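Here is the structure we will look at, set down as structure tokens.
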Amino acid sequence: MLKFPRRKLHLLSGLSLLGASSSGWLPQLAASIAGTGRKPPRSCILLWMSGGPSQLDTFDPKEGHKNGGPTKSIETRVPGVRIAESLPKIAGMTDQLAIVRSMATKEGDHSRATYNLRTGYTPAGPLQYPAMGAFLGKELQPKDSDLPAWISINPFQALNPAAWSPGFLGPSWSPLVVASEGPPPAPAPTDSQGTTASASPPDIRFEVRNLRRPETVSSEQAQRRLELLSGFEQDFVASRPDLPGKSHIDSYGRAVRMMNSTGIDAFALDQETAAVRDTYGRTAFGQGCLLARRLVERGVPFVEVSLSSDERGGLGWDTHAENFEGVKSLCGVLDPAWAALLNDLKQRGLLETTLVVWMGEFGRTPQINDNAGRDHWPASWSVVLGGAGIRGGQVYGATEADGVAVADKPLKVTGLMATIVRALALDPETSNPSNIGRPIPLADHGAEAAGELLL
Amino acid sequence: MTAAWALVCILCLPLLTADDPPRVLTEQQTADQIDQLFQQHWEAVEVRPAEPASDEEFVRRVYLDLAGRIPSISEVRQFLSDTAPDRRQQLVRQLLDGPAFVRHFTILWRNTLIPEAFDDIRTRQLVPGFEAWLWTHFSGGTPWDQVVREIITAPLATANPQQPLDSASSPAAFFLLRDFKPEELASGTSRAFLGVRLDCAQCHDHPFDRWKQHEFWSLAAFYSGLQQPEMTTESLPGLLRPENLKSHSIVVPATGATVEAKFLTGAAPDWKPTDAPRQVLANWITAPDNPWFARMAANQVWALFMGQGIVHPVNDFSDANPPSHPQVLQLLAEQFTAHNFDLRFLIRTITATRVYQLSSRQSDPSQKEPSDFSRAALRGLTPEQLFDSLAEATGFYQPYRSENPFIIAADTPRGRFLELFRSSAESPLRKETTILQALAMMNGDFINTATAPESSRTLRSIVDFPLMSQDERLESLFLAALSRRPTAAEQERCRTVLKDTSTPAAEAAAFGDIFWVLLNSSEFLLNH
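Going down the list, the protein sequences come from chains A and B. All the letters of the first sequence, read from the start, carry residue numbers 56 to 510 under the working numbering. All the letters of the second sequence, read from the start, carry residue numbers 1358 to 1885 under the working numbering.
Written out as structure tokens, the structure reads:
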């Protein structure tokens, strides 16, 4: 571990541009939480289902209808609420969850829809909207945090890199991207316990690229370098008081703080018992959810874990062919990980301060195509919310019997975003100045949160 | 329409009222007039401008601005030993004739013309073809008006959706990126070539400006022949239906009204049967008397060299956002037009000004407003400038793909740097550093290899050279990274690091530490 004299560290972080992250949320929080006895929300975990998961084979099964295909449903913890049988552990936790079956969105293209769902806005010309990780992270970031406000675990950004961008909020709010490393992932678990049968589970590790100093550089050497650099920076930037120089010093200061932070032991998953690691599933996504829990425990306000492939490679949730096998396999990864995450958060008293969102960019066609697949479908699909600010144990909205249209309480992207923002006890009208000058609210003007979903 | 006419008249008053075309000035005459105007401005607002940039500051800045990289040690030494009074202008001319200028400007204008191309997997692969096309024009010195006409009138063959439009040298990416949608092409065209933002007028009358919805759609009507059936989403967009060259009108979706093609001045073209709508639009945009075209180009080139435009943001010409120095912009635009829209003329002019050649060091508290241009501002580098400068400083050899040097393999040091350092900031004055970028510079393989004595080409060549003293080695390292010699204070600090080294290996390691510091400094990572 690197150590630096406090004085030098202070020098490097002295020109911090961050200051107080955002004003206004504390009083609001106080107002909305006052008298409820609830603790103010601190974090949001987004389980991002890249590619667009099939609602019919997860949370809106149509067993018995030809559009339902072979997917069977099971009873859940909440009487009368049935979900696909490939999510048995989550079925046991629906009392904690609000299942939204009435998402009605417009974008059917991966790239545009990914941007739309992750920013709350439709891609439009030159306006660079920030992803929710950036604007929620900015609002919720505690002062003097050593860890970044937004950590993105195993993202698959190729569909639309701008959907992982802080946009007009600027690079200070960029995600810290964390990729899993380890031996090739094992086949997805298929037995009903959701655990792998292999004797020695694969050792999946997470690494922030370049977080550790090279092995060839000694700690004294690293310290000498930073001391010399501090002196150079002071000379140069003091006489050139412009943003790029200040930002350079600020980001180096934050990088060094993070390198030295005790918070980064969040990444040391081997501090957990083998049994705990097993409950999440020894998959990149499962261990990513465990990492998300460890980061939230250390106060990180926004963590996302992406599930974009079924651990055997392939197209992930984008099941244009062999939908039923694909979704089942992905659910085998999803179910233990998500359930363990909710359980662990609850046990630690963190579920009431942590919002957990499960969503992709759209749903899948109710009609089954000639390849036993389902295509893109934004008109009627599902997302699931749980934890902070969310009234669990309910199904919100409904689709028609054939699943082709929303029958009740359609929820648009803007409405979903407003709901998420309000669940975190933030004001959807809180605005940030944009790159074209116009202030942009967290959720679009006129967006209506689904009040029934909120506590 | 009357509103639009009023605007035009205000904008082009000097052009319209002049009985004779403006006198053709040389770049030095133009530069001198610009400097006079700034001198008057500074006196009026009581600003004391910064000192002139030293040759060391100038050589680094002008290499970054014209060659897209820092100068090599020998290039710095050569310039610093040049005593000719016009050595700065000579260097500019030499760089403008070189291939590095063409490559750098290709990248800069690609960013301007197809800015969102990297955001989408479908359009990403069109970038090399677009760059190759621009490269041909910049290397041949094609006048800017002709470049723009060729973009607007680009041949767009119908594409078989199964067979994505290949990325051969073509400006078609400008259209593909905008999905061939007339409304997106209209706003893209007016922003990129006229500096007029119509985007908001697409859906509603612009609240702060005079643009009305029908004016926006009148411009979109020039592209109406490209309207496509709803496109499938997964494949690369191609033109599914050939362009209808007879189409001059478009239906406004919100109102259902049909709008005829009209220029932004409100005038309607006098259509002849053979007129292709895009050609008519291109001719109007690039006409010498177009009220925006030359001013926009002059403003853009100014911003490339000065960090921000005289109109700022660079593509926001409107009543609500007047130019900070209207006479300078007018002069540049006039002379740009008089010199047949020659971009190199603009560059020679701007780089010859005292304003461009000011130091970045603040010498007086009055040097604070960027729009006073009283001090050279710190500017962020493009990812390409950064990597090419790193390669220059560290002696990294960059292999290029022979068929198209613009295809950058993702899994190379260059590809990884470009990806990591790509920024959404529109202005180099707003460039910020991310934590991941800082970590990559501090701890990444590339820098580690470049600063470890056993693997660093630059360090090896300096440390192993037998005839140099320690101070000479230090000077070489500074020249390699910062294009300047160390100050006395810096020398002192570095000697402290070097003095405890008893073995050659320890000394080499200490030089490695100093090199690491130089490469991680804002002075290296920014243009100044």
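Think of the CB as a built atom: it goes at the ideal place given N, C-alpha and C, for glycine as much as any other residue. Computed from a predicted structure; not experimentally measured.
- Residue pairing by DSSP puts Leu-102/A in a beta bridge opposite Val-360/A and Trp-413/A.
- Straight across, the Cα-Cα distance linking Gly-341/A with Val-331/A is about 11 Å.
- Flagged as an interface residue toward chain B: Asn-265/A, by a C-beta distance shorter than 9 Å.
- Met-313/A has a beta carbon lying within less than 9 Å of a beta carbon in chain B.
- Less than 9 Å separates the beta-carbon of Leu-284/A from that of Asn-1877/B.
- Between the C-alpha atoms of Leu-400/A and Asp-390/A there is a straight-line separation of about 16 Å.
- Closest in alpha carbon position to Leu-1775/B, among Leu-1602/B, Ala-1748/B and Ser-1784/B, is Ala-1748/B.
- In the DSSP assignment, Leu-231/A falls within the beta strand (DSSP E) that extends over 231-236.
- Among the residues facing chain A, Lys-1788/B is included, as its CB has a counterpart in that chain under 9 Å away.
- One finds nothing in chain B with a Cβ atom closer than 7 Å to the Cβ of Ser-141/A; even the nearest lies about 27 Å away.
- The beta carbon of Asn-487/A sits no closer than 9 Å to any beta carbon of chain B.
- The beta carbon of Asp-430/A sits closer than 7 Å to the beta carbons of His-375, Arg-419, Thr-420 and Asn-424 from its chain, once the five residues preceding and following it are set aside; these are given in chain order.
- Chain-order list of chain B residues neighbouring Val-292/A: Ser-1879, by C-beta distance under 7 Å.
- Under the three-state reduction of DSSP, Leu-1738/B is assigned to coil, being neither helix nor strand.
- With fewer than 16 other CB atoms across the displayed protein chains lying within 10 angstroms of its CB, Glu-484/A is exposed.
- When rounded, the separation of the alpha-carbon atoms in Ala-179/A and Asp-297/A is 30 Å.
- If you compare the alpha carbons of Asn-315/A, Phe-261/A and Ala-453/A with that of Cys-344/A, the shortest gap goes to Phe-261/A.
- A direct Cα-Cα distance of roughly 34 Å separates Thr-1440/B from Glu-1403/B.
- In the structure shown, Trp-436/A adopts extended strand secondary structure according to DSSP, grouped into three states.
- Annotation: Cβ neighbours of Thr-1791/B in chain A (cutoff 7 Å, chain order): Pro-226, Ser-229 and Ser-306.
- For Ser-435/A, not one C-beta of chain B is nearer than 9 Å to its own C-beta.
- Membership of Phe-261/A in the beta strand (DSSP E) is indicated by the continuous run 260-263.
- When only Cα atoms are considered, Ala-1809/B and Leu-1816/B end up about 8 Å apart.
- For Gln-1435/B, there is no enclosing beta strand (DSSP E); the residue is part of the alpha helix (DSSP H) that begins and ends at 1430-1438.
- Listed along chain B are Asp-1476, each with a C-beta nearer than 7 Å to that of Ala-217/A.
- Annotated three-state conformation of His-1696/B is coil, per DSSP.
- Under the 10 Å beta carbon count, Thr-149/A is surrounded by 16 or more other beta carbons and is classified as buried.
- For Gly-286/A, the neighbours in chain B by C-beta distance under 7 Å run, in chain order, Arg-1850.
- Against chain B, the beta carbon of Pro-210/A has no neighbour under 7 Å; the closest one sits roughly 13 Å away.
- Among the bridge pairs identified by DSSP, Gly-442/A is matched with Leu-410/A.
- Note that the C-beta distance between Ser-200/A and Leu-1793/B is not below 9 Å.
- Identification of residues in the stretch 1634-1654 of chain B having a C-beta nearer than 8 Å to some C-beta of chain A yields an empty set.
- The C-beta of Gly-418/A comes no closer than 9 Å to any C-beta of chain B.
- In chain order, Asn-1800 and Asn-1805 make up the part of chain B whose C-beta sits under 7 Å from the C-beta of Pro-269/A.
- At a beta-carbon threshold of 9 Å, none of the residues of chain A lie near Val-1484/B; the nearest stands roughly 13 Å away.
- Within 10 angstroms of the beta-carbon of Gln-1692/B lie 16 or more other beta-carbons, which makes it buried.
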